[in-house]
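Below is one structure; the comments refer to it alone.
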Amino acid sequence: MEYSNQRKELKVSAIENGTVIDHIPANSVFRATRILRLDKMENQVLVGTYLDSKKYGKKGIIKVSNTFFKDDEINKIALVAPSATLIVIRDFKVVEKKQVEIPKKIEKIVKCVNPNCITNHENIPTKFDVMKNENGIYLTCLYCDKNTSKENMVFL
Amino acid sequence: MKNRSLLSINDFSLDEQLKILTLAAEFEKNPTQKILEGFVVATLFFEPSTRTKLSFESAASRLGAKVIGFSSLATSSVTKGESLKDTILTVSNYADIIVIRHPNDGSARFAAEISPIPVINAGDGANQHPTQTLLDMYSILKTQGRLDNLNITFVGDLKYGRTVHSLTIALTQFNTTFHLVSPVELKLPSYVKRHIKEKQLSYFQYTDLLDGIPQADIIYMTRIQRERFSDPIEYEKVKNAYNLNNSMLINTKENMRILHPLPRVNEIALDVDNNPKAYYFQQALNGVFVRQALLAAILGVK
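In the order they appear, the protein sequences are chains A and B.
Under the numbering used here, the first residue of the first sequence is numbered 154, with each subsequent residue one higher.
Under the numbering used here, the first residue of the second sequence is numbered 1460, with each subsequent residue one higher.
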């Protein structure tokens, strides 16, 4: 696939080398940037929100130059963007394309919903098992054993 | 079990739980043995609990261990703003095992994660209280001669009662039939019922106390707390609905025993205390033997 062919139509310009995260739900883009700590990044980061998408209606996209994420880093955004596609670009060409995968465990990025949980009283990084039921993803706190549902997730 | 922490009843396998009960029976026969001489047990009670603290300290003392610790925040550095982490790391220099009671859920697991010495959870917020579960199991085993195939009736606040949740989950290992008596507002939560259903055991729910009495091998009473109700009128309606008195015990099984994690308020009438079926004070004593067993097993001398 010749990535450079599409350049003239792109709302968010192409990158030469780096990572493109596509098909992010339009309203989750900034949460995804926070989860990936892109605000601390010293590389070019291009962000597009509410772009037209044939598949999803509206979508978001993030392009990060000269950065290649490890699977466990990138999979953290599956919590807010389970439909996201990861595209690795080298020399303007797509060299790898895959779906993000929901991780089995996550640390630090979400607050435990239980106000009495020790992680909300001491300076302790949160830890959860990622679980799934008929309503989607939820997190079980490894300290207090309480469940944090998708609607209750507050990102740190 | 040597050097292992006990934070939730599930941290010990069924075999290990039964081994603790066997050891507890040995200590009941011979409660004073100086097998823990030279060991130091730290009891860190960040919130008050008379029974649990004293029974741990009694257990440790009868085995010859020294006990250090605090029983209220006023006598600890926490009032100076010390973090739980710093308290645990400091105390672990002074002791061989930590017993912790703390108001926050998950605090004991956190303590165990950072502590180089084993930790016993003596109650973390509304979460777990595994030594209570073991002493309840011991009391059931001792009075019934078995844990299998019993009819256990739980009465009162089944929604918030952490001892009820842990014991229910533990009893699903023993083909128990559950009888659950509570006001509609305080029914057993679905996550606990799921454990019963997963093992395909039977449970029956009642709102009338009398419905749960005749079939019971054990009646496990709990206190209904005013602060659980958002509507004080609702509390007034239910608070006297679950008072067990002597006249209700006429048609009970010969070998039935009444348990209660204590403290009791008015859910068991005083006239029950002299009935041979009342077992709650012996139950509290059993806590000492079970805690002796735990200290000895975790410190590696049994």
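All residues carry an ideal CB built from backbone N, CA and C; glycine is no exception.
Note that the structure is predicted; figures quoted are calculated from it, not measured.
* Who are the neighbours of residue 1646/B on chain A, taking C-beta pairs under 7 Å? -> Ordered by position in chain A, no residue passes the 7 Å Cβ test against residue 1646/B, which lies about 19 Å from the chain.
* What does residue 298/A touch in chain B if you count any residue whose Cβ is under 7 Å from its own? -> 1586
* Continuous beta strand (DSSP E) assignments of at least 3 residues falling wholly in the segment 230 to 303 of chain A -> 238 to 243, 246 to 252, 258 to 260, 280 to 286, 289 to 294, 300 to 302
* Mind reading off the beta-carbon distance from residue 295/A to residue 280/A? Whole number of angstroms is fine, and I expect it under 8 Å. => Contact between residue 295/A and residue 280/A is confirmed by a C-beta separation of about 4 Å, below the 8 Å threshold.
* When the cut-off is 8 Å and only beta carbons count, does residue 1582/B lie next to chain A? -> no
* Of all the options 1557/B, 1624/B, 1752/B, which has the alpha carbon lying nearest to the alpha carbon of residue 1588/B? -> 1624/B
* Asked: Roughly how many angstroms separate the alpha carbons of residue 1521/B and residue 1706/B, rounded to a whole number?
  -> Roughly 39 Å between the two C-alpha positions.
* Asked: If you drop the 5 nearest sequence neighbours on each side, which residues of the same chain put their C-beta closer than 6 Å to that of residue 1500/B?
  -> 1519, 1524, 1526, 1556
* Exposure of residue 240/A, with buried meaning 16 or more beta-carbon neighbours within 10 Å -> Around the Cβ of residue 240/A, a 10 Å sphere holds 16 or more other Cβ atoms; the residue is buried.
* **Residues near residue 160/A in its chain [Cβ-Cβ closer than 6 Å; skip 5 each side]** => In this predicted model, residue 160/A has a pLDDT of only 46, less than 50, meaning its place in the structure is not dependable; the value taken from the coordinates is given anyway. Taken in chain order, the residues that qualify are 167.
* Inside the segment 1532 to 1607 of chain B only - beta strand (DSSP E) runs reaching at least 3 residues -> 1556 to 1561, 1578 to 1583
* **Chain-ordered chain B contacts of residue 269/A [CB-CB under 8 Å]** => 1562, 1563, 1564, 1584, 1585
* For residue 1505/B, does the three-state DSSP call read helix, strand or coil? -> coil
* Apart from the five residues on each side of it in sequence, which residues of its chain come closer than 7 Å, Cβ to Cβ, to residue 157/A? -> With a pLDDT of only 47 at residue 157/A, under 50, the local geometry of the prediction cannot be trusted, and no value is derived from it.
* Go ahead and pull the three-state DSSP assignment for residue 1633/B. => helix
* Listed from N- to C-terminal order along the chain, which residues in the segment 175 to 193 of chain A have their beta-carbon within a distance smaller than 7 Å of any beta-carbon of chain B? -> Here the close residues number zero.
* Asked: In this structure, does DSSP put residue 197/A in helix, strand or coil?
  -> coil
* Distance, residue 1695/B Cα to residue 293/A Cα -> Rounded to whole angstroms, the separation of the alpha carbons of residue 1695/B and residue 293/A is 36 Å.
* Asked: Just the Cα atoms here: how many angstroms apart are residue 1466/B and residue 1580/B?
  -> 5 Å
* Any C-beta of chain A sitting closer than 8 Å to the C-beta of residue 1544/B? -> yes
* Check the C-beta distance from residue 219/A over to residue 196/A and give it rounded, since I have them as a contact under 8 Å. => At roughly 5 Å, the Cβ-Cβ gap stays under 8 Å, so residue 219/A and residue 196/A are in contact.
* Test item: CB-CB of residue 276/A and residue 1531/B under 8 Å -> no
* Alpha-carbon spacing of residue 1665/B relative to residue 1640/B, whole angstroms -> 5 Å
* **Best match in 1540/B, 1582/B, 1473/B for proximity to residue 1508/B [C-alpha to C-alpha]** => 1582/B
* To do: Could you work out which residues of chain B lie near residue 277/A, taking near to mean beta carbons separated by less than 7 Å?
  => Near residue 277/A (Cβ distances below 7 Å), the residues of chain B are 1569.
* Exposed or buried, which one is residue 1709/B when buried takes at least 16 other CB atoms within 10 Å? -> exposed
* Could you please give the first and the last residue of the uninterrupted alpha helix (DSSP H) stretch that includes residue 188/A? => 182 to 188
* **For residue 1547/B, the nearest candidate out of 1596/B, 1584/B, 1571/B (CA to CA)** => Out of 1596/B, 1584/B, 1571/B, 1571/B has the C-alpha closest to the C-alpha of residue 1547/B.
* To do: Anything in chain B within Cβ reach of residue 142/A, meaning under 9 Å, just list it in chain order.
  => In the structure displayed, chain A extends from 154 to 309; residue 142/A sits before or after that span and is not available.
* Of the listed residues 1586/B, 1721/B, 1630/B, nearest to residue 1599/B (C-alpha basis) -> 1630/B
* List the endpoints of the continuous alpha helix (DSSP H) containing residue 1469/B. => Where residue 1469/B is concerned, there is no enclosing alpha helix (DSSP H), given that its DSSP letter is neither H nor E.
* To do: Please name the residue in 198/A, 208/A, 214/A whose C-alpha comes closest to that of residue 181/A.
  => From the listed residues 198/A, 208/A, 214/A, the smallest Cα separation to residue 181/A is found for 214/A.
* Asked: What residues are listed by DSSP as bridge partners for residue 1610/B?
  -> 1636/B
* To do: Please list, in chain order, all residues of the same chain as residue 1483/B whose beta carbon is under 6 Å from its beta carbon, the five residues on each side excluded.
  => 1597, 1748, 1749, 1752
* Burial state of residue 154/A, where buried means 16 or more other Cβ atoms lie within 10 Å -> For residue 154/A, the predicted structure reports a pLDDT of 46, less than 50, and the residue's modelled location is therefore unreliable. A value from the coordinates is still provided. Classification of residue 154/A: exposed, given that the 10 Å Cβ count is below 16.
* Please check the pair residue 1684/B and residue 1732/B, which I expect to be a contact at CB under 8 Å, by giving their CB distance rounded to whole angstroms. => Between residue 1732/B and residue 1684/B the Cβ distance is about 22 Å, and since that is not below 8 Å, they are no contact.
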